[in-house]
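For the sequence shown, my numbering begins at 663 and goes up steadily by one. Where a beta carbon is used, it is the ideal one built from N, C-alpha and C, also for glycine. Here's the structure, in structure tokens; my notes come after.
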Amino acid sequence: MKRFAGILLAVGVVGGGAPALVRKPCSTIGQYALVTKVGASAAPVAVRALSAKRKQNKPSGAVHVPFITSRDTTDAVRMRLWERSVGPPGDAPTHVANRYTADRQEMAVFVVSPLAGDPILPDRPLPQHARPGREIRLSACRGEYEPASIVVSPFRALRLSVVCGDLKRENTGDVIAASSVVIKGVKCWYQAGTAWHSNAQDKATRVLIPELLLLDDALVRVDHERQENSLRLGYKTGVKYRSISFTEARGWPDAVFPGGMELPVQDSSVLLPLDLPARSYKQLMVTVKVPPNAQPGRYVGNILLKSGGRVLEQVGLRLRVLPFELAEPMRYDLKAPFHSSIYDLQVLEGGPGRIHDQHSRTRAQRAAEMKNMKAHGVTNPICCQLSEVYDLDLFAEVLKIRRETGLANRPMFLGALTHAFANVGFRTQSDPQSLAALKARVTEIEDVVEDVLGHRDVFFYGIDEGKHQELDDQRPLWKAIHEAGGQIIVSGYRPGLNDDAQGAIGRAGDLLDCLISAAGVSRQEADAWHRVGHMVWSYANPQAGRENPRIYRRNYGLEVWKANFDGAATFAYYAALNNPWNDLDYGLRDFLFVYPAIDGVVDTLAWEGYREGIDDIRYATTLARAVASARKSGDPALRAAATSAHRFLETLDLSGDLDAIRRKIVRHILELPFDPVGDGARSTNQRRCEED
């Protein structure tokens, strides 16, 4: 570490060679200095609404800018402290690089936790959990997506190709095809100085952060000298790169694809070769989708790291397919389903499609987005199709896409409805004429849902994050919706939060069928809502937009499940405040888990973390159901095993290693003889897996 004029500069040296990439400060404060003035520009505890500029043919209205906690400022300072670190003395990767060089190898390979809370950067020492190795081991159930990760560090600049072969089951002819293994590069790019730990905005400082999962690393170019990103746009006449690091809200005059598509962004369909600088780190994300018909057992394959037609390294991939099916997520007490949801703001408008905001998607785009949500465990997203345009034909088409995609469409959760009808009358008068019109609108929406999906179980959205008088004023309107057969869902606050002593339950708990509760979870809050027979979901804990995958896995996984909540729906799958690919062009960071493309989306580390959180709930539900079955057994040993497993679930410490917790859950499941979703008998395959 070198100190100069009060600015801390970090110089990373790998393998005893030349310094790795060094990022220079972007301000007089210095990128590696401890910045304490972030709080001055941080968002307030709650941001009610921001004005948004709409096209002239769009109705005007307030943009949903969701709850942001005051913890963001502390997290931002913590980020600065982390930025100062250059790793412990005798950093393990350095020693490994020296050993590899001595062995005349051309590349070091490290196995890392795919979703750890420590960013992996090209020019920084690896996290302490990283270990040198040429083998990945993972386990998963049938139908599950399971991530793993390696980091490669070449000792010379090279172009790296990555190829994975089939996975073959030991001692059998069973094969999991190579197409079930998707490998993407983790792209590091410059984001606002509050990145990784905060949704608040800090334009004064920029930090290099891992986030994008790309098949074509060249989709985004990174200028380390200027600390800027450029995005590749495809046109009929060729490609162009455009800056996505400007700090004011503006558009690109030429950023229109022939036919009307704005921001023509498209990743590759296969992993392209990676250009790697010497003595740098590059993280690769390996995701295995286990086929639903895969036989339990151990499968082995190889990932080849090649350059210039030669194999530089071979990384073994060992997959254990577990002998039980994952249960669908349920509440901790197993008395009700756990609803895996999210705010889905994208809108089908029948035009050529735009990707710069959440409006005007094509049918193909909407189908791709819904498939992506389902693949990430979000099975019943909040439908906001009617939020901008009240068109029941387009609404019916969206419901058909949801049905075709296999989403769980009952109940149907709707977001705020079109401004043209003032949020379904929630800001209208409660006179008899207005209430009659409200009931008629609710009925015609339910008619469409019944026609397409075969049920009338529909939840309607209230005033977002309402409190005090806003909740009181909605009571006659919510009663009218109940009389028309509808139910109510909306975000809001628990008692004492955000200046509301009574909270949503105190003012409207008898009428509010599902509260999406902001900022934090507790068993006490869940119990209060369950006592009145209603649901409570988690929200803004945090909102989407942070790059750290671990916080989403923990908070929207076992943490919300242990609190006995009925579901989760944070904001949002994708909500752009201006250009979604630019983190610096607005007063807040965009609230998104994915980045838009003309044929779908680009995934992120945080989105993968969210999926693992939902899978954690499914594993825990599977164990809880097995415990419930085993407790009915007449075998004292089985009852003892069930008691041990129950105690484990009750005393989970979620501050620890989430991967280790998953492994312990699996071990407990395999100690119990009941398949919670099977025929109740322990299979030969299960016994064999236990013996391995």
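Close-in-space but distant-in-sequence residues of the same chain around residue i (CB under 7 Å, 5 per side omitted)
i: G1182; result: N1203
i: I1331; result: F986, T1284, L1285 and A1288
i: K1036; result: T1067, G1068 and L1069
i: R1324; result: D1278 and Y1281
i: L1010; result: R1023, R1025, R1028, Q1047, L1056, E1059 and V1060
Burial state of residue i, where buried means 16 or more other Cβ atoms lie within 10 Å
i: D1297; result: exposed
i: F772; result: buried
i: T1313; result: exposed
i: D1299; result: First, the residue type needs correcting, since residue 1299 is Ala and not Asp in the sequence shown. With fewer than 16 Cβ atoms within 10 Å of its Cβ, A1299 is classed as exposed.
i: T756; result: Confidence is the limiting factor: at T756 the pLDDT is only 48, short of 50, which leaves the residue's position unreliable and the question unanswerable from this model.
i: M741; result: The predicted position of M741 is uncertain, since its pLDDT is 34 and thus under 50; no value can be drawn from it.
i: Q1131; result: exposed
i: R1198; result: Position check: residue 1198 holds Val in this sequence, whereas Arg was assumed. Flag for V1198 reads buried.
i: D864; result: buried
i: A792; result: buried
i: R799; result: exposed
i: P1043; result: buried
i: E832; result: exposed
Sequence-distant residues of the same chain with beta carbon closer than 6 Å to residue i, five excluded per side
i: G1165; result: Y1155, R1156 and P1157
i: D1278; result: G1219 and L1220
i: E1333; result: A1303
i: P939; result: A819
i: L1040; result: Correcting the residue type first, residue 1040 is Val in the shown sequence and not Leu. Around V1040: S1002 and I1004.
i: D916; result: Residue confidence is low: D916 scores 48 on pLDDT, short of 50, so the model does not pin down where it sits. No coordinate-derived value is stated.
From the options, residue whose alpha carbon lies closest to that of residue i
i: G1219; options: V1110, L1300, P991 and H1196; result: P991
i: G1318; options: A1163, R1215 and R1185; result: R1215
i: E975; options: R941, E797 and D1265; result: E797
i: D929; options: G1262, R1273 and S1306; result: G1262
i: P1094; options: F1122, D1053, L1139 and E1050; result: L1139
i: A989; options: S1295, R804, S860 and A1230; result: R804
i: A1163; options: L1133, D1172 and I1150; result: L1133
i: L1079; options: A1230, S823 and F1121; result: F1121
i: A1225; options: E873, P1242, F1000 and K902; result: F1000
i: R821; options: K1294, L936 and L1174; result: L936
i: Y1201; options: S1153, E1209, E1187 and R1212; result: S1153
i: E1112; options: L1100, S1092, G1147 and D1135; result: G1147
i: A1230; options: V869, G835 and C1176; result: C1176
i: A778; options: S801, E1274 and H1308; result: E1274
i: L984; options: Q957, K830 and I1150; result: Q957
i: T931; options: K1294, A1307, I1260 and Y1272; result: Inspection of the sequence shows that residue 931 is occupied by Ser rather than by Thr. Comparing Cα positions, the closest option is I1260.
Cross-strand partners of residue i (DSSP beta bridge)
i: L1076; result: C1045
i: K902; result: L895
i: A802; result: V983
i: T1363; result: Since the first residue of the chain shown is 663 and the last is 1354, residue 1363 is not available in this structure.
i: V1328; result: V1328 pairs with nothing; no bridge assigned.
i: V824; result: L967
i: E890; result: D885
i: F1253; result: A1237
i: F1227; result: Its beta-bridge partners do not exist; DSSP assigns none.
i: T1266; result: L874
i: K849; result: L874
i: Y1281; result: BP columns for Y1281 are empty, so no partner.
i: Q976; result: L966
i: F1122; result: I1150
i: F772; result: P794 and V813
i: M992; result: P999
i: G959; result: V983
CB contact check: residue i to chain B, cutoff 8 Å
i: Y961; result: Looking at the structure shown, chain B is missing, and only one protein chain is on hand.
First and last residue of the uninterrupted alpha helix (DSSP H) at residue i
i: D1055; result: L1054 to T1067
i: I1178; result: No alpha helix (DSSP H) holds I1178; the beta strand (DSSP E) holding it covers C1176 to A1180.
i: S1096; result: P1094 to L1115
i: M1197; result: Premise fails: M1197 lies in the beta strand (DSSP E), M1197 to Y1201, not in any alpha helix (DSSP H).
i: R1025; result: R1025 to A1037
Beta-carbon proximity list for residue i, same chain, < 8 Å, skipping 5 on both sides
i: V1114; result: A1058, L1061, K1062 and R1065
i: D828; result: V837, I838, A839, A840 and G963
i: L1054; result: E1106, I1107 and V1110
i: D1321; result: S775
Boundaries of the beta strand (DSSP E) in which residue i is found, first to last residue
i: I1151; result: Q1149 to G1154
i: D1134; result: Element bounds for D1134: not the beta strand (DSSP E) but the alpha helix (DSSP H), Q1131 to E1145.
i: Y1214; result: Note, Y1214: premise wrong, no beta strand (DSSP E); alpha helix (DSSP H) at P1211 to N1217.
i: A857; result: Note, A857: premise wrong, no beta strand (DSSP E); not H, not E.
i: F1310; result: Segment P1298 to E1312 is the alpha helix (DSSP H) holding F1310; no beta strand (DSSP E) there.
i: D1189; result: It is not in any beta strand (DSSP E) - D1189 instead sits in the alpha helix (DSSP H) that spans R1185 to R1193.
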